[in-house]
Amino acid sequence: MAAVRSSGSARGRRGPGETPQTLARAFYARPTLTVARDLIGKVLVHRSPAGVTSGRIVEVEAYIGEDDPACHAAPGPTRRNEPLYGEPGHVYVYFNYGMHDMFNVVTERRGKPAAILVRALEPLDGLEVMEQRRLAAGGRQPAAPRRAIPPGHLCRGPGNLARAMGITLADNRLDLCGPELFIEDRGLDVGQVAWSPRIGIRVGADRPWRCYVVGSRAVSGPTASPASVRSSSAALP
DNA sequence: CGTTCGATGCACT
DNA sequence: GTGCATCGAACGT
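Just so you know, we're using the numbering used here here: the first sequence kicks off at 1 and counts up by one.
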């Protein structure tokens with residue numbers, strides 16, 4: 001079997017213990033696949049009245065332009081997809097399947113509609129708050145939660161992530177360069193990264209625009225075996 | 001392990 | 001009226 005490289009340390013930027021740095025607008029105003037890869041290992045933070053919750057990003061999907069049939073911009077500008085055409089570094093949240101809020105990060109430049117769906121986090125801060133939100137009655141929930149939720153599964157899948165992080169439609173259009181909801185670099189290890197087709201879509205499923213950390217138990221959907229992944233920082237698809 | 005299926009609300013045609 | 005960038009329970013193998 002192929003040798004497994006040691007997990008990539010985050011390419012010589014900062015070490016653990018240094019001051020976390022909030023990602024600036026320029027981080028998001030780049031090609032979407034580049035932003036997607038670079039979001040892996042970063043930390044999503046939500047400061048809410050209920051408490052601070054955060055988690056390490058381990059799975060994302062890119063949705064790029066009107067030519068991408070799975071992107072919400074595919075029909076051209078509408079009222080719902082307006083944030084996709086706006087300033088990068090803002091939040092795009094939409095409500096899906098009657099019960100799930102989907103958290104996206106707007107990328108590229110103003111006028112070019114693209115975003116990244118954040119699908120999974122490894123929880124870091126506020127695990128109790130996350131669990132309360134996941135188990136809270138009311139709202140829309142597919143089924144009454146039966147068992148206790150393992151800590152590592154609190155933010156597995158985009159619907160669960162938004163719920164645990166307390167992100168709702170009310171956060172649509174929010175600026176990620178603000179103090180409430182943002183992404184920061186804590187110098188955490190990126191790990192082995194792989195690309196695959198996007199999950200759960202019925203069109204555009206051929207594009208390998210899902211990026212995830214190999215071996216993370218917080219990742220939703222199919223994952224490559226660690227032994228089959230050669231590079232710790234896979235080239236863009 | 002695997003597949004199927006219902007819940008549920010909104011944007012869009 | 002149709003179709004979802006989902007989730008988890010229930011069942012089959």
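Ideal Cβ positions, reconstructed from N, Cα and C, are used throughout, including at glycine.
Q: Identify, in the order they occur along the chain, each residue of the same chain with its Cβ nearer than 7 Å to the Cβ of residue 263, setting aside the five sequence neighbours on each side.
A: One cannot answer for residue 263 here, as it falls past the ends of the chain, which runs 1 to 237.
Q: Classify residue 228 as buried or exposed, calling it buried when 16 or more other Cβ atoms lie within 10 Å of its own Cβ.
A: Taking the first sequence and counting its residues from 1, the one referred to as residue 228 is at position 228. With fewer than 16 Cβ atoms within 10 Å of its Cβ, residue 228 is classed as exposed.
(Q) Count Cβ pairs between the segment 117 to 136 and the segment 149 to 160 that sit closer than 8 Å; are there 3 or more? (A) yes
Q. Secondary structure at residue 72, three-state DSSP: helix, strand or coil?
A. Your numbering for residue 72 matches position 72 in the first sequence. Three-state DSSP puts residue 72 in coil, outside helix and strand.
Q. Just the Cα atoms here: how many angstroms apart are residue 116 and residue 84?
A. Numbered from its first residue, the first sequence carries residue 116 at position 116. Numbered from its first residue, the first sequence carries residue 84 at position 84. If you take the alpha carbons of residue 116 and residue 84, they lie about 10 Å apart.
Q.
I'd like to confirm the pairing. Which residues does DSSP put opposite residue 195 in its beta bridges?
A. Taking the first residue of the first sequence as position 1, residue 195 is located at position 195. Answer by DSSP bridge pairing, in chain order: 211.
Q: Report the option in 27, 20 and 182 whose CA atom is closest to the CA atom of residue 48.
A: By 1-based counting over the first sequence, the position of residue 48 is 48. Answer by Cα proximity: 182.
Q. Would you call residue 171 buried or exposed, if buried means 16 or more other Cβ atoms sit within 10 Å of its Cβ?
A. The residue you call residue 171 lines up with position 171 of the first sequence. It counts as buried.
(Q) If distances are taken between C-alpha atoms only, which option among 89, 201 and 237 comes closest to residue 209? (A) As a working mapping, residue 209 is identified with position 209 in the first sequence. Closest by alpha carbon: 237.
Q.
Going by C-alpha to C-alpha distance, which of 60, 26, 50 and 25 sits closest to residue 276?
A. There is no way to answer for residue 276, as the model of the chain reaches only from 1 to 237.
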